[in-house]
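First to last, the sequence lines map onto chains A and B.
When we follow this note's numbering, the leftmost residue of the first sequence carries the number 1, and every step to the right adds one.
When we follow this note's numbering, the leftmost residue of the second sequence carries the number 253, and every step to the right adds one.
Every residue, glycine too, gets a C-beta built ideally from N, C-alpha and C.
It should be emphasised that the depicted structure is a prediction, and the values quoted were computed from it without experimental measurement.
Here the structure comes first, spelled out in structure tokens, and everything after it is commentary.
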Amino acid sequence: MKLRFKILSGFIILAATLFVAGAWSMYQLRTIGASVQRILDDNYRSINAARMMIEALEREDSAMLLLFSGQKKEGMDILVSAHAAFQHGYTAARGNITIPGEEEQINRISTAYAAYRENWEHPEIETDHESNFQWYFQKIHPAFQETKFNVEKLMAMNDRAMYETATKLKDSAHRAAMPGIVAIIAALVFTFVFNFFINYYVVNPIMKLTAGIKKHVQTGEALNVHIETQDELFDLTSAIQDLLAKRTKENV
Amino acid sequence: MRLHVILRYSGFVLVLNAGFLFVSSLVSALEGDGALFSLVYSAVICALFGIFPVLFVPATQDLSGREGLIIVVASWLLSCLSGLLPFVLWGGEFTFTKAWFESVSGFTTTGSTILSDIEALPLGLLFWRNVTHWIGGIGIIVFTLAVLPSAGRAGMILCRTEMSSVAVDTFNYRTRKVLKILLFVYLGLTLLEALALLACGMGWFDAVTTAFATIATGGFSPRNLSVAHYGSIWIESVIMVFMVLSGLHFGFLFAAIADKSGDIFRSPIARYYVLALIIGTILVAISVHGKVYETWPESLRRASFQVLSLGTSTGFATADSSVWPGFAQLVMVFFTLQCACAGSTSGGIKADRIVLFWKSVGRYMRKIQHPNAVIPVRMGGDAVGESLVESTLIYISLYLGVVFASTLILAFMGVDAFTAFSGSAAAMGNVGPGFGKVGSMANFSSIPDPGLWVLSVVMLLGRLEIFGLVLFVSIRRWH
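Structure representation (structure tokens):
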């Protein structure tokens, strides 16, 4: 094999190792960017909506207690504004379904909230249920708990999905960095190997050849240099040997 | 010592690994898992590093013994390095130390794992994990020389350096034809087992990877519960048959199939090996009956699988033997130390050396009675050379010494005594599971990182039969 090809192959190997590692690292870095965006778009928005719904539900529950204690106006004011806040959160969650099972969970929230709302739309104020906290704990509070539990479940689902995406993000970061590290180590090792081969198969024969020619010039001894490889250096040595042999013949 | 020649032959081994990495990446591509890049990039690196010295350095036929030894050890180390690449690139549970441990465990056919959730790994990586068993099982050099272009006389020097000294003495590994015979038996057994497992209802991926691990007497399973996952007596029976066959001398196996020779039945080693497994199974079954398993069939089924698995240095499991009675565990520790026959893919002290050891003990007893008598040690009617007897006794002493030293180091790191001892014995014998925290249903993730490095060295010492690695380390003084 020719020397030119051998040296070229060495550089091609170095370039290929670095190119593939670089390309993959760039791809992984883009994946990281996409994952961060996904965390923000998909999960964080739903978690925020769930938080809004829980806060609204807590306010509605407080309002119910105000109604029970006879403060009808204050209670109804809070109920109306809390309901609007809940609806806002619910609409946001409904418009951001991104993980399997999320739609079913939102439907469950809708059903539970409708049952809860039924209670405060017809709170039976000024009936014998007024100030009857036992009735509140039997009927109103379980409906509130059921709705809140379903919203919390939606939040947990998104929390879990966010954790999984973050874990993938960690893996992506690892996968973006590792090819680079491997490429650097491989390139370093390869440089040593390449340098060794260049020394052994190129520099050493040239030095041997130089020494042989010098010896020939000084002593007239025939050039006796053995080149292991069938490359340009071998051809050069043969050509010099022919030249020296011809010169010796002419001198004689 | 010619470094360029060493690089050339080590290059062939890297090319072989690159080929198998490409096959694993094909599996990854077919399954559409996420390990494709890890495998392809590793394959590219191995291929480039392997081809370059092959292109640069002209072929040579003459190798000195020292060069041969360095090539063999370097090939094993390079293979383990190339084996860890896809694991490290993938990440997950793999740190550099854990990836190195998994790779060494694969190539040395030990089968110990650090993975707590094997099934979470992409199929391409699982396939590569078991391919490391398959390449290492028959021997990296043997495999390389059998499939890559002829290296002539140099190749045979490398083969004899890599193989177990006992196997070399009992079979003439002098020609390339013998290598092809070995490979033929190896491929044939793998194919037969994979087909038998498919017939038993196993999926193609599990069948192929399990066949790789069985014939190499490795023990990596693609399932968290190992063979217990399948819960099938037919699958267990097939695996047991092939574990026993893989523990026999491949030369005898080939002669039995091709020449219809009965040598295998006349061999005192093979007879001892099979008899020891039967007695071991009975003892363990008696020990677990009534205490762990209610019925005799269940006791025999579990006992036979575990004894055969450890006695052939495979390391599959169908039960958690860490909770078995102490007597059963000690019987299995004996098999962990002994393992199967030389000339097979198994590790351990080997049945041949155990037989030779007991025969030399018998000879010594007779010499005490008749001090002037000349009593040779005989195997199958033939007198065994004194040098072989001596090297066998030295080997067994060194083997136990390494296990003891490794146990001490692990215990110093805070690992409990039985876990440290059984883990060291399992690593040295290339068996896989030990007892305690590294039992048949557990993994090695609880061992501290320095301990994993110690066990990696022990696995390599066991696979290269101690002397190879020791001479490699002390190469400068070896003149």
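> For the alpha helix (DSSP H) that contains ASP314 of chain B, what are its first and last residues?
Replying inline: Stepping through the second sequence from its first residue, residue 314 of chain B is reached at position 62. Premise fails: ASP314 of chain B is in no alpha helix (DSSP H) and is neither H nor E.
> Are ILE256 of chain A and GLU104 of chain A closer than 7 Å when you measure CB to CB?
Replying inline: Residue 256 of chain A falls outside the range modelled here, since chain A spans only 1 to 252, and no answer is possible.
>> Please list, in chain order, the chain B residues whose beta carbon lies closer than 9 Å to that of PHE190 of chain A.
In response: Position 190 of the first sequence, counted from the start, is the residue given in the question as residue 190 of chain A. LEU300, PHE301, PHE304, listed in chain order.
>> Quick check on LEU333 of chain B - is its C-beta less than 7 Å from some C-beta in chain A?
In response: Here residue 333 of chain B refers to the residue found at position 81 of the second sequence. Residue-level contact check: LEU333 of chain B does not touch chain A, since none of the beta carbons of chain A fall below 7 Å from its beta carbon.
>> Once DSSP output is grouped into helix, strand and coil, what is the label at ARG605 of chain B?
In response: Taking the second sequence and counting its residues from 1, one reaches residue 605 of chain B at position 353. Assigned with DSSP and collapsed to three states, ARG605 of chain B falls in helix.
> Nearest chain B C-beta to TRP24 of chain A closer than 7 Å, yes or no?
Replying inline: As a first step, residue 24 of chain A is located in the first sequence; it is residue number 24 there, counting from the start. For TRP24 of chain A, the answer is yes, since a Cβ of chain B falls inside 7 Å of its Cβ.
> For TYR293 of chain B, which residues in chain A fall below 8 Å Cβ to Cβ?
Replying inline: Reading the second sequence from its first residue, position 41 is the one you call residue 293 of chain B. Per Cβ cutoff of 8 Å: VAL20, ALA21, TRP24, PRO179, VAL182.
> Among all the DSSP beta bridges, which residues are the ones paired with ALA635 of chain B?
Replying inline: For the purposes of this step, residue 635 of chain B is taken as residue 383 along the second sequence, with counting starting at 1. DSSP output for ALA635 of chain B lists B:ARG630 as bridge partner(s).
> Apart from the five residues just before and just after VAL240 of chain B, which ones in its own chain have a Cβ nearer than 8 Å to its Cβ?
Replying inline: An answer regarding residue 240 of chain B cannot be provided, because it is not within the stretch 253 to 731 covered by chain B.
>> List, in chain order, every chain A residue whose beta-carbon is nearer than 7 Å to that of PRO800 of chain B.
In response: Missing from the structure shown is residue 800 of chain B; chain B here goes from 253 to 731 and no further.
> Quick one: Cα of ALA84 of chain A to Cα of TYR163 of chain A, how far?
Replying inline: Counting from 1 along the first sequence, the entry for residue 84 of chain A is found at position 84. Counting from 1 along the first sequence, the entry for residue 163 of chain A is found at position 163. Taking the CA atoms as reference points, ALA84 of chain A sits about 30 Å from TYR163 of chain A.
> Which whole-angstrom value describes the C-beta separation of ILE54 of chain A and VAL182 of chain A, a residue pair presumed to lie in contact below a C-beta threshold of 8 Å?
Replying inline: On the first sequence, residue 54 of chain A is found 54 positions in, with the first residue counted as 1. On the first sequence, residue 182 of chain A is found 182 positions in, with the first residue counted as 1. Wrong, their Cβ atoms sit about 47 Å apart, outside the cutoff.
> Using CA coordinates, which residue listed in A:LYS208, A:VAL217, A:PHE197 is at the minimum distance from LEU8 of chain A?
Replying inline: Here the question's residue 8 of chain A lines up with position 8 in the first sequence. Taking LEU8 of chain A as reference, the option from A:LYS208, A:VAL217, A:PHE197 with the minimal CA-CA separation is A:PHE197.
> When the distance is taken between beta carbons, is PRO338 of chain B closer than 7 Å to SER290 of chain B?
Replying inline: Start at 1 with the first residue of the second sequence, and residue 290 of chain B comes out as number 38. Start at 1 with the first residue of the second sequence, and residue 338 of chain B comes out as number 86. A contact, by the Cβ cut-off of 7 Å.
> Alpha carbon to alpha carbon, what distance is there between THR111 of chain A and MET64 of chain A?
Replying inline: Reading the first sequence from its first residue, position 64 is the one you call residue 64 of chain A. Reading the first sequence from its first residue, position 111 is the one you call residue 111 of chain A. Cα-Cα distance, rounded: 19 Å.
> Using the C-alpha atoms, what's the distance from MET495 of chain B back to VAL189 of chain A?
Replying inline: Translated into the one-based positions of the first sequence, residue 189 of chain A becomes position 189. Translated into the one-based positions of the second sequence, residue 495 of chain B becomes position 243. Cα to Cα, VAL189 of chain A sits roughly 40 Å from MET495 of chain B.
> Assuming ALA569 of chain B and SER708 of chain B make a contact with CB atoms under 8 Å, what is their CB distance in whole Å?
Replying inline: If you number the second sequence from 1, residue 569 of chain B lands on position 317. If you number the second sequence from 1, residue 708 of chain B lands on position 456. Taking the Cβ atoms as the reference, ALA569 of chain B lies roughly 22 Å from SER708 of chain B, outside the contact range of under 8 Å.
> Under 7 Å, do LEU450 of chain B and THR462 of chain B count as touching if we go by C-beta distance?
Replying inline: Taking the second sequence and counting its residues from 1, one reaches residue 450 of chain B at position 198. Taking the second sequence and counting its residues from 1, one reaches residue 462 of chain B at position 210. Not closer than 7 Å, so no.
> If the cut is a Cβ gap below 9 Å, which residues of chain B does TYR116 of chain A touch?
Replying inline: As a position in the first sequence, residue 116 of chain A is number 116, starting the count at 1. Here the premise fails: no neighbours, minimum Cβ distance about 41 Å.
> Given 8 Å as the limit, is there contact between the segment 564-580 of chain B and the segment 673-691 of chain B, that is, 3 or more CB pairs closer than that?
Replying inline: By the Cβ criterion, the segment 564-580 of chain B is in contact with the segment 673-691 of chain B, since at least three pairs of Cβ atoms, one from each stretch, lie closer than 8 Å.
>> Contact criterion: CB-CB distance below 7 Å. Does LYS249 of chain A meet it with respect to chain B?
In response: Against the first sequence, residue 249 of chain A aligns to sequence position 249. For LYS249 of chain A, no Cβ of chain B is located within less than 7 Å of the residue's own Cβ.
>> Classify MET178 of chain A: buried if its beta carbon has 16 or more other beta carbons within 10 angstroms, exposed otherwise.
In response: Reading the first sequence from its first residue, position 178 is the one you call residue 178 of chain A. The residue is buried, with at least 16 neighbouring Cβ atoms inside 10 Å.
> Does the beta carbon of ASP235 of chain A sit closer than 7 Å to a beta carbon anywhere in chain B?
Replying inline: As a working mapping, residue 235 of chain A is identified with position 235 in the first sequence. For ASP235 of chain A, no Cβ of chain B is located within less than 7 Å of the residue's own Cβ.
> Who pairs with TYR545 of chain B in a beta bridge, going by DSSP?
Replying inline: As a position in the second sequence, residue 545 of chain B is number 293, starting the count at 1. Beta-bridge pairing by DSSP links TYR545 of chain B to B:HIS541.
>> If the criterion is Cβ atoms closer than 7 Å, does the pair ALA555 of chain B and VAL540 of chain B meet it?
In response: Position 303 of the second sequence, counting from 1, holds the residue named residue 555 of chain B. Position 288 of the second sequence, counting from 1, holds the residue named residue 540 of chain B. For the pair ALA555 of chain B and VAL540 of chain B, the CB atoms are nearer than the 7 Å cut-off.
> For the segment 580-592 of chain B against the segment 630-638 of chain B, are there 3 or more C-beta pairs whose distance is under 8 Å?
Replying inline: Cβ pair count under 8 Å is below three, so no.
>> Starting from ARG45 of chain A, trace the alpha helix (DSSP H) in both directions and tell me its first and last residue.
In response: Here residue 45 of chain A refers to the residue found at position 45 when the first sequence is read from its first residue. DSSP places ARG45 of chain A inside the alpha helix (DSSP H), whose first and last residues are 45-68.
> Which residues in chain A sit within 9 Å of LEU222 of chain B, going by Cβ to Cβ distance?
Replying inline: An answer regarding residue 222 of chain B cannot be provided, because it is not within the stretch 253 to 731 covered by chain B.
>> Please confirm whether TYR163 of chain A has its beta-carbon closer than 7 Å to some beta-carbon of chain B.
In response: Along the first sequence, read from residue 1 onward, the residue named residue 163 of chain A stands at position 163. Chain B places no beta carbon closer than 7 Å to that of TYR163 of chain A, leaving this residue out of the contacts.
> Which first and last residues belong to the alpha helix (DSSP H) in which VAL583 of chain B is found?
Replying inline: Translated into the one-based positions of the second sequence, residue 583 of chain B becomes position 331. VAL583 of chain B -> alpha helix (DSSP H) spans 578-590.
>> Against chain B, which members of the segment 133-158 of chain A pass a CB distance test of less than 8 Å?
In response: Correct list: empty, as no residue qualifies.
> Is there a Cβ from chain B that is less than 7 Å from the Cβ of ILE206 of chain A?
Replying inline: By 1-based counting over the first sequence, the position of residue 206 of chain A is 206. No, its Cβ sits nowhere closer than 7 Å to a Cβ of chain B.
>> Against chain A, does GLY389 of chain B count as a neighbour if the rule is that its beta carbon must be under 7 Å from one of theirs?
In response: Taking the first residue of the second sequence as position 1, residue 389 of chain B is located at position 137. Interface with chain A (7 Å Cβ-Cβ cutoff): GLY389 of chain B is excluded.
> Helix, strand or coil: how does DSSP classify ASN195 of chain A here?
Replying inline: Indexing the first sequence from 1 puts residue 195 of chain A at position 195. In the structure shown, ASN195 of chain A sits in a helix (DSSP, three-state: H, G or I).
>> Using a Cβ-Cβ cutoff of 8 Å, what residues of the segment 347-373 of chain B are near chain A? List them in chain order.
In response: For the segment 347-373 of chain B, which is checked against every Cβ of chain A, not one residue is closer than 8 Å.
> Is the distance from the Cβ of ILE521 of chain B to the Cβ of ALA603 of chain B below 7 Å?
Replying inline: Position 269 of the second sequence, counted from the start, is the residue given in the question as residue 521 of chain B. Position 351 of the second sequence, counted from the start, is the residue given in the question as residue 603 of chain B. ALA603 of chain B is positioned such that its CB atom lies closer than 7 Å to that of ILE521 of chain B.
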